[in-house]
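Q: Protein chains in written order, with my numbering: chain C, 255 to 603; chain P, 169 to 371; chain X, 321 to 441.
The beta-carbon is built from N, C-alpha and C at its ideal position, and this holds for glycine as well.
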Amino acid sequence: MMSKDSISDESFETSKLHLAELVVREAQIGLLVLDQNELIVLFNDWLAKAANLDEKEALGKELTQLFPELKESRLQSAVTTSLQMGFPALLSQSLNRAPLPLFAGEEERKMGIRIEQQIQVIPLGSGDGPRFSLIQISNVSVAVKRENMLLEQAKELKRNLIIDGLTGVYSRRYWEEQTLIELRKARRACLPVAMIMLDVDLFKNYNDAYGHQEGDLCLALVAKAAASALKRPRDILARYGGEEFVALLPETDLEGAKVVSKRVLQSVETLQIPHKQSNVAAYVTVSMGVSCGYPSEGESQEIILSEADQALYIAKAMGRNQVIICKNKGFFTVDDIPLSNPLAERKHR
Amino acid sequence: MFILNELQQDALLEIFNIGVGKAAAALSKMTSEEVLLSVPTLEFLEWEEAKAHLPGNGKVICGISQRFDGPFNTEAVLMFPEEKSLEIIRYILGVDSTLESLTEMEQEALCEIGNIVLNACMAPIADIFSAEFRATMPEYRSGTSEHVLSVDVEETNRVIMLMLVKLQMEKHEIEGYLAFLSVLPDIQRLTANVDRFISEFTK
Amino acid sequence: MTSKTVLIVDDSRLSRMIIKALILEKYPEWVVMEATNADQTISLIGKITEPNLLTLDVNMPGMDGLSLVQVIRETWGNVPIVIMTANVQESVSRKCAEMNVGFVEKPITAESVAKALAYME
């Protein structure tokens, strides 16, 4: 410890200077000072080691002589501003990554993995005296790593909310959110939307015959096949619950909805998953109800969905493995054959 | 109340306008979007009174502030509503994050954006006054605008000068503010400099 | 040399004063008129003969300078117009180019005024 009482004023000043020099040399951050002519007048040990340069190589040079990649860089212009205007600058890691070729060790240098840097450019001296620019470089690699982990975790958390864990298609919650947005868009732009309700035929029988594990696998396969039949990025297929799925097709009219639902039917059929307890076919099939139209003001998600649900009910009543369409409150087969008053035969679910 | 004459007020606004224009250009370059500028307002008020004039309606805002000391001293602040600063920074950084508050790194990036905008703003003002400002490092603050803008006003009845410009970015529906706050006697030094500026043109 | 007329539209009195002074310093015989906003300018359109040049500020209370350009064009066709503004965003200078009007950055100096006057040719 140094005490002012123990030594004369002059030697105290001298030792203070010496101490300052030691601190600059040994500090575990990068310190670099440029003079008014933008020539390097200080280059500390931490920086010399990270840059793999000798202090002597650096002194008296311009920043861009030492690091040519800094030509016309934000760091270079920040230095000029600090010397000319006296304004400090902060260069965040997020916006600049690693402006200087600094490496933690030989291994990292070979692999080209730079130290993540936060840089502060601080003008020194003021008024009429000489002006200097101090560049202070902190290693923020640890903070960056920690933050990336945090972001990954948050993403994973969000993913779990968006994606149905069993089948890999979207979750019902996400589907509902997106549907609200799409219906609003459709109403504003007067565009049609189609909704499909899909049910795996006689799935209870399948579970009984093959067991729950096989049942889960079957659901995942069907979901994947159905999802692959939706081609546009805004089309969304979600698991609604149990063996029921819903799809939302924005900007899709009746013809489009027919094409897509037929494609879904085929793509599930192509899987040819054996189903010995089905009286529909020897393999797993699906039934679909489609509701299609221009959502009017006040026509909620629930109303459109219940139309699709009624159409699905009719599809099942008519022998399954088929698509029934609801349009303007009437029900039709995919070949446009109207169904006479099917609601009268409908039993309450 | 401390009031400038019409010409002084006019000159001061024009000088700030030039800074604000440069600031908007810097912000527009970073967000690749035009920044619509309101006509700036300039008021002399007591701090207690000024609080009522601050934007934000008591909602949480994020501000980046720097103090500039020179021909006059001022606290310069760039501020956005909290949820919009999330949007703006994540747009600039190109990250798709769902966290509801700014991470440490994002705060730092926002500080840098504020730093670029505020430096761009004050540089031409220094040029016009042919003088220098000493500036502090940008500082991130979040809270109500009263908290973010809070100056060192020991006595609340001291007069402050408050200049506000609204910045609007339509694509992102972002509304932010640039604010400059000075207290007496810095205001008097400012007006002395403004008078010198005016006399150069009206001699 | 024939006398010319310039109309300055700017909400700042000081700006108008400086532009006017700088023009008259060089061309004492010219006529320099002033308007403080778009409304005043529009009411002038019917009353005065077409000037040789208009300088417009962008950020003004009420209608901004860029919108005002279109209104002026309806009556005065291809009258030379220069936007003189502190709003130096790329989008503003691009709009000026699209509307075929000049763009000069503030602050107002002898150089910037000379640049504005050059748009008359």
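Please specify which runs of the alpha helix (DSSP H), each continuous and at least 4 residues long, are wholly inside the region 375 to 459 of chain C, giving them in chain order.
A: Runs of the alpha helix (DSSP H) inside the region 375 to 459 of chain C: 395 to 416, 426 to 443.
Q: Measure the alpha-carbon distance for M255 of chain C versus L276 of chain C and round it to whole angstroms.
A: Reliability of the predicted coordinates at M255 of chain C is poor, the pLDDT of 49 falling under 50, and no value is obtained from them.
Q: Chain P partners of S411 of chain X, CB-CB under 8 Å?
A: What S411 of chain X touches in chain P: S196, E202.
Q: Taking the C-alpha atoms as reference points, what is the distance between N407 of chain X and G422 of chain X?
A: Rounded to whole angstroms, N407 of chain X to G422 of chain X spans 14 Å at the Cα level.
Q: Report yes if the C-beta distance between L213 of chain P and I328 of chain P is below 8 Å; otherwise report no.
A: Yes, they are a contact pair.
Q: Say whether the region 253 to 264 of chain P touches the region 579 to 592 of chain C, bearing in mind that this needs 3 or more beta-carbon pairs closer than 8 Å, one atom from each stretch.
A: No: fewer than three Cβ pairs fall under 8 Å.
Q: For R603 of chain C, which residues in the same chain have their Cβ closer than 7 Å to its Cβ, ignoring the five residues on either side in sequence?
A: Any reading at R603 of chain C needs caution, since the residue's pLDDT is 41, under 50, leaving its predicted position unreliable; the model's value is listed next. Y567.
Q: What residue does the alpha helix (DSSP H) around P292 of chain P start on, and which one ends it?
A: Note, P292 of chain P: alpha helix (DSSP H), 272 to 296.
Q: What residues of chain P sit near M419 of chain X, judged by a beta carbon separation below 8 Å?
A: Near M419 of chain X there are no residues of chain P at all, since even the closest Cβ is about 15 Å away, more than 8 Å.
Q: So, for K601 of chain C: in the same chain, excluding its five sequence neighbours on each side, which residues have a beta-carbon less than 7 Å away from its beta-carbon?
A: Low per-residue confidence applies at K601 of chain C: pLDDT is 46, beneath 50, and the placement is therefore not dependable enough to give any value.
Q: With distances taken Cα to Cα, identify the nearest neighbour of L210 of chain P among P:E201, P:P249, P:E202, P:L222.
A: The shortest Cα separation from L210 of chain P among P:E201, P:P249, P:E202, P:L222 belongs to P:L222.
Q: Could one say the Cβ of E264 of chain C lies closer than 8 Å to chain P's Cβ atoms, at least one of them?
A: No, E264 of chain C does not count as interfacial toward chain P.
Q: If you draw a straight line from the alpha carbon of K399 of chain C to that of R368 of chain C, how long is it in whole angstroms?
A: The straight-line gap from Cα to Cα measures roughly 13 Å.
Q: Within its chain, find whatever has a CB closer than 8 Å to the CB of N357 of chain X; leave out the 5 residues flanking it on each side and keep chain order.
A: Correct list, in chain order: V329, D331, M380, P381, G382, M383.
Q: Going by beta carbon distance, what residues of the same chain come within less than 6 Å of F457 of chain C, once the five residues before and after it are set aside?
A: So the list reads E497, once near-sequence residues are dropped.
Q: Would you give the residue range spanned by the beta strand (DSSP E) that D334 of chain P belongs to?
A: According to the sequence displayed, residue 334 of chain P carries Lys and not Asp. Looking at the DSSP string, the run of the beta strand (DSSP E) that includes K334 of chain P is 327 to 337.
Q: If you count every other CB in all the chains shown that lies within 10 Å of the CB of E323 of chain C, and 16 or more means buried, which is it?
A: E323 of chain C should be labelled exposed.
Q: Do I392 of chain X and V399 of chain X have their CB atoms nearer than 8 Å?
A: Contact flag set, yes.
Q: Looking at C-beta atoms only, is the number of pairs between the region 341 to 353 of chain X and the region 345 to 357 of chain P that lie closer than 8 Å three or more?
A: Segments in contact, no.
Q: Who pairs with C230 of chain P in a beta bridge, going by DSSP?
A: Beta-bridge pairing links C230 of chain P to P:F248, P:S310.
Q: Give me the subset of the region 345 to 361 of chain C whose CB atoms are less than 7 Å from a CB atom of chain P, sorted by chain position.
A: From the region 345 to 361 of chain C, only L345, S346, Q347, S348, L349 have a Cβ closer than 7 Å to chain P.
Q: Check this for me: beta carbons of D178 of chain P and L334 of chain X, under 8 Å apart or not?
A: Going by C-beta atoms, D178 of chain P is nearer than 8 Å to L334 of chain X.
Q: By Cβ distance below 6 Å, which residues in the same chain neighbour K219 of chain P in space, the five residues on each side in sequence not counted?
A: For K219 of chain P, where only same-chain residues beyond five positions count, the Cβ hits under 6 Å are E314.
Q: Going by CA-CA distance only, name the one from C:D507, C:T334, C:L317 that's closest to L445 of chain C.
A: Among C:D507, C:T334, C:L317, the Cα nearest to that of L445 of chain C is on C:D507.
Q: L329 of chain C to L285 of chain C, Cα distance in whole Å?
A: Approximately 14 Å between the Cα atoms of the pair.
Q: For M247 of chain P, decide whether its Cβ has a neighbour in chain C, counting only Cβ atoms nearer than 8 Å.
A: For M247 of chain P, the answer is no, since every Cβ of chain C falls outside 8 Å of its Cβ.
Q: Checking the sheet assignment: what are the DSSP bridge partners for Y537 of chain C?
A: The partner list for Y537 of chain C (beta bridge, DSSP) reads C:P528.
Q: Please decide whether N357 of chain X counts as near chain P, where near means a Cβ-Cβ distance under 8 Å.
A: No, no contact with chain P.
Q: For the candidate residues C:E553, C:K325, C:Q338, whose alpha-carbon lies nearest to that of R385 of chain C?
A: Selected option, being the one with the closest Cα: C:Q338.
Q: So who's on the other strand from G344 of chain P, going by DSSP bridges?
A: Answer is P:L335, bridged to G344 of chain P.
Q: Between which two residues does the beta strand (DSSP E) containing A492 of chain C stretch?
A: Element bounds for A492 of chain C: 490 to 495.
Q: Can you give me the C-alpha to C-alpha distance between A302 of chain C and N283 of chain P, rounded to a whole angstrom?
A: Those two C-alpha atoms are separated by around 28 Å.
Q: For chain C, check one thing: does any of its Cβ atoms lie closer than 8 Å to the Cβ of P239 of chain P?
A: Judged by the 8 Å Cβ criterion, P239 of chain P is not in contact with chain C.
Q: What residue from C:A440, C:L471, C:V514 has the CA that sits closest to S554 of chain C's CA?
A: The candidate whose alpha carbon is nearest that of S554 of chain C is C:A440.
Q: Taking only the alpha-carbon atoms, compute the straight-line gap between A303 of chain P and A291 of chain P and give it to the nearest angstrom.
A: Computed Cα separation, rounded: 11 Å.
Q: Kindly say whether E401 of chain C, judged by its beta-carbon, lies nearer than 8 Å to any beta-carbon of chain P.
A: Yes, because at least one Cβ of chain P sits closer than 8 Å to the Cβ of E401 of chain C.
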